Structure formats: structure tokens, C-alpha cells
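Residue numbers (this note's numbering): 292 to 712.
Ideal Cβ placement from N, Cα and C applies to all residues, glycine included.
All of these numbers come straight from a predicted model, not from anything done at the bench.
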Amino acid sequence: MSTLKAVRGTRDLLPPETELWNRVERTAREVFSRYNFGEIRTPIFEDTSLFARGVGEETDIVSKEMYTWEDRARAQSEKAQSLTLRPENTAGVVRAYIEHKLGEAGLLQKLYYIGPQFRRERPQKGRYRQFWQIGAEVIGPTSAGSESPLRDAEVLEMLASFLDELGISGWRLEINSVGSALDRPRYVAALREALAPVKHLMCEDNQRRAETNPLRVLDSKDPNDQELINNLPKIADYLDEDSKAHFAAVLAALDACGVPYHVNPRLVRGLDYYTRTTFEFTHGGLGAQNALLGGGRYDGLSENIGGPKAPGIGFAMGEDRLILTLQAQAEQQATLADYYIAPLAAELNPAALELARELRRKGLRIEVGDGSFRLKKSFEVANKLAKKIILLGEDEASTGVLTVKDFATAEQTKVARAELA
RNA sequence: GCGGCUAUAGUUCAGCGGCAGAACGCCGGUUUGUGGCACCGGAUGUCGCGGGUUCGAUCCCCGCUAGCCGCCCCA
């Protein structure tokens with residue numbers, strides 16, 4: 292095969308599908324702006340160490356899924372800089388927050404982004420090497436209230452509203468608390484201790500996880516190990532009083548606004564920076580990739596990458612997966628143009644274009660045919676592309692009264708061109 | 001990164017060691033200022049790429065690439 296193709300894991304988005312993408316993005320912008328979020332756009336590549344320090348050296352994302360290269364050294368004496376296509380956007384947003392000293396404003400920063408991310412994984416339905424995320428972060432100094440459980444609940448309520456407004460039905464919110472930066476190591480130690488005598492009874496994957504990342508044992512799907520897992524210590528029992536109160540306050544606020552949720556004590560997430568609240572919105576029908584979006588609180592992230600204390604909470608949605616879900620729910624119909632203008636002779640093409648210009652200026656969606664087409668062909672094409680056809684013959688051009696046929700009703704009328712709408 | 005399934009027309013797919021098939025779509029006609037419906041006719045193509053076996057390979061074998069499913073992980 293010598294013909295060039297989009298590289299593995301990347302793809303072209305074409306009309307009419309792009310219409311759906313635009314609708315998703317437009318809805319996100321509208322909903323987020325009602326919560327007073329502003330848009331941030333960060334570079335698509337960053338210094339590699341941002342992700343190593345921010346996301347976590349030991350995470351799968353950083354250890355094996357990044358697109359990293361050595362940039363050319365700027366001078367002989369200089370070492371080449373290691374750059375990486377961003378595998379997620381939170382680290383970049385927090386880097387920008389630190390770099391521009393946004394915390395000095397003393398206010399909460401509420402930022403959203405829409406853009407491509409890159410991970411080198413094996414492609415599958417709903418999983419691509421270039422994929423799109425819509426995400427948002429609420430971050431700021433503690434004095435601005437960035438640590439308040441109200442912020443967690445507001446973000447979750449916003450997400451529920453967004454999914455509802457978009458028309459995604461059947462989503463499920465799972466929520467958990469993984470504790471503070473102090474709670475977590477205590478729990479992991481307890482988990483290791485509890486796993487030691489029983490791990491040899493578990494599947495190979497879990498035996499490995501018990502060593503490398505005991506938290507991951509919790510979301511194992513292996514049916515034979517479920518009973519053993521259910522008997523392991525619960526994170527809830529290792530939360531300190533502050534973390535417990537925080538989690539209870541988040542749930543109480545969700546109850547107050549009527550957002551349905553399921554507490555899932557086994558929900559752990561893969562990025563190192565999460566503290567306290569973690570959550571996922573899932574949807575059936577996405578196969579193994581059932582997470583529509585995921586997120587959580589990251590109270591220590593800013594300090595991890597050398598910034599001031601700036602607790603925050605955020606999420607990332609898989610836009611590709613939102614689109615797949617919407618497409619599965621209802622086959623997206625191509626949107627039809629309002630009018631198809633059919634000039635009846637090639638000499639009338641300029642007049643047709645001029646008429647199109649007039650109608651487009653009124654905000655109408657117009658397709659222009661070609662006078663060299665036979666009328667039958669014009670009708671066939673028009674019927675596929677537009678709601679109505681405008682016949683532009685000698686009579687119509689000279690009198691300014693157009694012949695308009697509506698495909699839905701098969702009704703044909705004469706309309707003065709000024710009255711077209 | 002690991003395991004499995006798949007790759008034939010624009011699309012969805014059938015097929016067989018010996019001339020490349022169907023449906024839908026497309027093009028033309030029945031209808032030269034009237035579409036959809038119907039009928040008649042037509043064209044679909046490096047059978048993913050490379051190699052091997054064979055008189056002969058789209059078919060069998062090997063490699064590669066890509067997609068899908070599962071795992072890992074995540075959005």
C-alpha cells in the first residue's frame with residue numbers, strides 16, 4: 292500500500308459528523324460560561340518534565356504512552372530540551388496558572404479548555420492516539436475558597452447539566468474519596484499488609500498490581516478475586532476527620548441539588564495527583580472504554596511542579612466518546628440547506644450566485660447548482676441537499692418572482708425574491 | 001505493550017486453487033422547466049501491502065500494515 296493514510300490511531304473528522312462536534316463544543320462553551328468559566332488555550336507540547344513531575348513518573352501515561360522527542364539544541368554548548376505532546380491538559384493549565392501568577396489575583400480561577408491530547412496506546416473504539424478532551428479546572432489560593440467542598444459539588448452539578456443539555460441519557464456518576472496526601476500512604480500501607488497473605492490466591496494481574504500499585508487491585512474485574520477484594524480494608528476507614536467531612540459535604544450538596552450519584556469505594560484513578568474527591572461519569576454502550584469523563588481534586592499538584600499552594604478540582608471529558616454516545620443514541624442526520632438554487636441555463640449562473648449572496652446575507656444556508664445540469668438532475672441533487680429548490684429561469688430572472696418548491700410538501704409557489712426567508 | 005478476530009466495488013458484505021459477485025448507492029434512459037416511487041440499462045475493483053507454495057493464488061502459508069474485540073490503562 293503506497294497511498295498515504297492518516298497514521299495509526301488518528302483520523303479525519305468529516306461533515307456531517309463535524310456538525311455534531313461543533314454542537315458538543317458550543318454546548319460546552321454555553322454551559323461553562325453560565326458557571327463563569329473562561330477559556331484557556333495552552334501549548335500542545337510542553338517540557339517533558341512537566342508531565343513527569345505533574346502526572347507522575349510511575350503512571351502508565353508517563354512511563355509508556357507519551358510522544359517525546361529531543362528538540363534541537365539552540366547552541367553547541369546547550370543540551371537539547373526534551374519535549375512531549377501533551378497527554379492531558381491539567382498539568383499545562385496548572386503550569387500556566389503558576390507562570391502567570393494567576394493566584395496573585397486572590398480569586399478563584401475557573402478555566403476550561405477544548406483540544407487534542409496525545410497518548411501512544413493501542414487504538415480501539417473510543418480510544419485514539421490523538422483524542423479530544425473538553426475539561427475545566429477550578430484552582431486558586433485557599434483564601435479564595437479553592438478547598439471548599441462546594442467547588443467539588445458545583446463542578447459535578449455543572450457536568451450533570453451539561454450531559455443533560457447535550458441529550459446524553461443514561462449516564463452514571465460514580466464518586467469516591469481517595470483521601471488527603473497524608474491519608475493515602477497510610478491506606479496503601481494497610482492495603483499492602485492485607486494483600487500480603489492472600490495475593491497468591493489472586494489472578495496474575497492482581498499479583499503484579501499488589502506489588503506495583505495496590506490501589507489498582509481495587510478496580511479489578513476478575514470475577515474470582517471479587518470476594519477477596521471486598522474483604523480488603525476500605526479507604527473510607529483511613530480518611531482523617533477533614534477528608535471525611537469534606538466528602539460528606541460534597542455528597543450533601545449533590546443531594547441538595549438532586550444530582551444522582553453512586554459512591555464507589557473502589558473507584559481509584561490512575562493519575563498520581565488526585566486527592567480527596569475522585570469521580571467518573573460512565574455510560575454503557577462504550578464497551579471497555581466506558582468512562583465518558585473523569586476527574587477529581589488535586590490539592591498538591593501546583594506545589595509538586597514548583598508553584599504556590601493552589602488546591603483545585605477539575606475533570607476531562609473524552610469528546611470522541613461523547614460523540615460516539617450521541618451517535619449511538621440517534622443516527623445523526625445530515626443537516627439540509629434551506630435552499631438549493633437551480634439556474635436553468637449556464638448563462639444564469641452569475642445571477643444564481645448573486646441571488647445566493649443575497650440570501651446568505653440573510654443568514655440562510657444556500658447551495659448553488661449549475662445551469663449546465665438538466666433540470667431533472669438539479670431536482671435529484673437538490674432533494675438530497677436542501678429543503679427547498681428555487682428555479683431561476685429567464686422569467687424568474689427578469690421578473691424577480693421566483694419559483695420555489697418545498698420537497699417536504701411537494702408544494703410549488705411563486706415568491707418575490709425580497710420575501711424569501 | 002500482550003492475546004484474539006478481520007481486511008473483496010463508494011458502503012455493507014457474500015464467494016471460490018481456474019473469467020470478480022449481491023444489495024444499497026452511483027451513472028444513463030422511460031420523462032428536453034419538475035425530485036422522491038416504479039421499470040429498463042450501465043460502470044464499479046491493484047480482492048490492504050510484500051514475499052512464498054503452485055501450471056495457475058482473491059482463496060493456502062509467512063511477514064508487514066491497519067481496523068475491531070478483550071487485557072493493561074484511560075478520556
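Counting only the same chain and skipping the five closest in sequence on each side, list residues whose C-beta sits under 6 Å from that of Ala619. Excluding residues within five positions, the ones whose Cβ falls inside 6 Å are Gly576.
For Leu683 and Arg325, what's the separation of their Cα atoms in angstroms? Taking the straight line from one Cα to the other gives about 46 Å.
Using the rule of at least 16 other Cβ atoms within 10 Å of the residue's Cβ for burial, across every protein chain shown, is Pro432 buried or exposed? By the neighbour-count rule (16 or more Cβ atoms within 10 Å), Pro432 is buried.
Could you please give the first and the last residue of the uninterrupted beta strand (DSSP E) stretch that includes Phe570? Taken as a continuous stretch (DSSP letters only), the beta strand (DSSP E) holding Phe570 covers Thr566 to Thr573.
Considering only the alpha carbon of each residue, which of Asp351, Leu311 and Arg612 lies closest to Arg560? Selected option, being the one with the closest Cα: Asp351.
To the nearest angstrom, how far is it from the Cα of Gly662 to the Cα of Ser669? Cα-Cα distance, rounded: 9 Å.
Note the first and the last residue of the continuous beta strand (DSSP E) segment covering Glu308. Careful: Glu308 lies outside any beta strand (DSSP E), inside the alpha helix (DSSP H) at Glu308 to Arg325.
Identify every residue that forms a DSSP beta bridge with Met608. When DSSP reads this structure, Met608 sits in a beta bridge with Ile425 and Leu584.
Could you check whether the segment 448–468 touches the segment 536–548, counting it as contact only if at least three pairs of C-beta atoms, one from each stretch, sit closer than 8 Å? With a cut-off of 8 Å, the segment 536–548 and the segment 448–468 count as touching, because enough Cβ pairs lie within range.
Beta-carbon proximity check, Lys679 vs Val695, cutoff 8 Å: Inclusion of Lys679 and Val695 in the CB contact set at 8 Å is warranted, their separation being smaller than that value.
When we look at the beta-carbon of Gly549 and count the other beta-carbons within 10 Å, is it buried (16 or more) or exposed? Using a 10 angstroms sphere on the CB of Gly549, the tally of other CB atoms stays under 16, which defines it as exposed.
Which same chain residues end up closer than 6 Å to Ser439 when comparing Cβ atoms and leaving out the 5 residues on each side of it in sequence? In its chain, beyond the 5 residues on either side, no residue has a beta carbon closer than 6 Å to the beta carbon of Ser439.
Counting beta carbon pairs with one atom in the segment 671–678 and one in the segment 625–644, are three or more of them shorter than 8 Å? Touching, yes.
Do you know offhand how far Leu617's Cα is from Tyr403's? Their backbone Cα atoms lie some 22 Å apart in a straight line.
Considering only residues of the segment 325–383, which uninterrupted beta strand (DSSP E) runs meet the minimum length of 3 residues and lie entirely inside it, listed in chain order? Those beta strand (DSSP E) runs which fall completely within the segment 325–383 and span 3+ residues are 336–338, 359–361 and 373–376.
Could you compute how far the alpha carbon of Asp455 sits from the alpha carbon of Asp513? Going by the C-alpha atoms only, they are around 33 Å apart.
Helix, strand or coil at Met292 [DSSP, three-state]: Low local confidence applies: a pLDDT of 39 at Met292 is under 50, so the model's placement there is unreliable, and no value is given.
Continuous alpha helix (DSSP H) stretch holding Ile459: start and end: No alpha helix (DSSP H) holds Ile459; DSSP gives it neither H nor E.
So which of Asn327, Asp697, Lys370 and Asp531 has the shortest CA-CA distance to Arg477? For Arg477, the closest C-alpha among the options Asn327, Asp697, Lys370 and Asp531 is that of Asp531.
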